[in-house]
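**Q** If you read the sequence shown in the numbering used here, its first letter stands for residue 13, the second for the next number, and so on. Backbone N, C-alpha and C fix where the C-beta goes; we use that ideal spot for every residue, glycine too.
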Amino acid sequence: MRAFFERFARYRSSALTLVAANLVPLIGVLFWNWNAFEIVALYWLENVIIGLVYIFKMITCHPDPDKIDAEQFGFMAKDLQAIKKTGWTAYLSIVLMNLVLVPFFIVHYGGFCYGHGSFIFHLFEKDRLPETIEELWQFLVQEHLVWGVAALAGSHLWSYFINFLGKGEYRWTLPDRLMFQPYARVAVLHVAIIFGGFVVAMLGSPLPLLIALILGKTVLDLVYHFKERLRNAFGMESGSAGRAADKLTDNARSEGTSESMSELAESAD
Numbered sequence: 013m014r015a016f017f018e019r020f021a022r023y024r025s026s027a028l029t030l031v032a033a034n035l036v037p038l039i040g041v042l043f044w045n046w047n048a049f050e051i052v053a054l055y056w057l058e059n060v061i062i063g064l065v066y067i068f069k070m071i072t073c074h075p076d077p078d079k080i081d082a083e084q085f086g087f088m089a090k091d092l093q094a095i096k097k098t099g100w101t102a103y104l105s106i107v108l109m110n111l112v113l114v115p116f117f118i119v120h121y122g123g124f125c126y127g128h129g130s131f132i133f134h135l136f137e138k139d140r141l142p143e144t145i146e147e148l149w150q151f152l153v154q155e156h157l158v159w160g161v162a163a164l165a166g167s168h169l170w171s172y173f174i175n176f177l178g179k180g181e182y183r184w185t186l187p188d189r190l191m192f193q194p195y196a197r198v199a200v201l202h203v204a205i206i207f208g209g210f211v212v213a214m215l216g217s218p219l220p221l222l223i224a225l226i227l228g229k230t231v232l233d234l235v236y237h238f239k240e241r242l243r244n245a246f247g248m249e250s251g252s253a254g255r256a257a258d259k260l261t262d263n264a265r266s267e268g269t270s271e272s273m274s275e276l277a278e279s280a281d
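#1: Within 10 angstroms of the Cβ of residue 130, are there 16 or more other Cβ atoms? Answer buried if so, exposed if not.
#2: Report the three-state DSSP secondary structure of residue 43 (helix, strand or coil).
#3: Would you kindly work out how many angstroms separate the C-alpha atoms of residue 228 and residue 221, rounded to a whole number?
#4: Might you give, ordered along the chain, the residues of its own chain that have their beta carbon closer than 8 Å to the beta carbon of residue 135, omitting 5 neighbours on each side?
#5: Do you know how far the Cα of residue 148 is from the Cα of residue 186?
#6: Examine the Cβ distances between the region 108 to 117 and the region 185 to 203 and report whether three or more of them are shorter than 8 Å.
#7: Relative to the C-alpha of residue 236, which residue among 27, 127, 64 is closest?
#8: Report the CB separation of residue 49 from residue 213 in whole angstroms; it is logged as a contact under 8 Å.
#9: Considering only the alpha carbon of each residue, which of 142, 234, 118, 160 lies closest to residue 36?
#10: Should residue 194 be labelled buried (16 or more other beta-carbon atoms within 10 Å of its own) or exposed?
#11: At the level of alpha carbons, what is the spacing between residue 61 and residue 125?
#12: With 16 as the cutoff for other CB atoms within 10 Å, does residue 218 come out buried or exposed?
#13: Of all Cβ atoms in chain C, is any one closer than 8 Å to the Cβ of residue 233?
#14: Which residues bound the alpha helix (DSSP H) around residue 194?
#15: Hey, would you say residue 7 sits closer than 8 Å to residue 70, going by beta carbons?
#16: With 16 other CB atoms within 10 Å as the buried threshold, where does residue 58 fall?
#17: Just the C-alpha distance for residue 47 and residue 143, rounded to the nearest angstrom, thanks.
#18: Run the CB neighbour count on residue 274, radius 10 Å, all protein chains shown included, and call it buried at 16 or more, exposed below.
#19: By the DSSP assignment, the alpha helix (DSSP H) with residue 337 in it spans what residues?
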């Protein structure tokens, strides 16, 4: 629990933005009469937004051989040095990698989201999934989801600019690693959301259960947000990154030296 609050403090700006964005569905339930379908549909649309943001991440990713962890990425240290010496050629290889990975991600993740959305609409016995921009806009207006989509999109874009670009996460990761990150979130988080939303709908969408669904999703969102930050900021898998971050924090606390604090700030940034 202490680690959770420490990471909240470390990434306060994007964490608070995330919480604020997730309050919009709560407002929808309390004041706009949103039901379980509208909540689950909004969270499905969030997956589409996440996919678009990850396309930006893959395109702007520019790993620095001095920053990424060689062992975690399967490189030998000498290989990273060789990459570094090639200069612009290494950057060109990233561009060429994205020419393959980005279209593949658009098709594969797009199909994944389409299947996911179709399942949700079928599960809640709704009409077919919107297939054009006009149909999507009509759906958003009809279900009063425009503000919810805008808030969640703003939260993810804020994190992209503040953390991925602003704190240099783009230097610590690789496009092929970024490509797989959204799937883990969808696989765990949205299975729970769909199951919970369906149960809530079967019970008539009682207000306490809708609120519990939204709050539970917000907590899980924060957990995945911190895991992603640590994974990208330390060039490691989240478990190793978390231990590294916690170790630096403990060292800074116990030693109280400017050197330790500088090391922590550099790693977090």
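**A** Quick answer:
#1: exposed
#2: helix
#3: 10 Å
#4: 206, 210
#5: 33 Å
#6: yes
#7: 27
#8: 6 Å
#9: 160
#10: buried
#11: 10 Å
#12: exposed
#13: You won't find chain C in this structure, because it holds only one protein chain.
#14: 187 to 197
#15: Only positions 13 to 281 of the chain appear in this structure, which leaves residue 7 out of reach.
#16: buried
#17: 23 Å
#18: Reliability of the predicted coordinates at residue 274 is poor, the pLDDT of 43 falling under 50, and the value obtained from them is presented with this limitation in mind. Residue 274 should be labelled exposed.
#19: Examination of residue 337 is not possible in this model, given that the chain is present from 13 through 281 alone.
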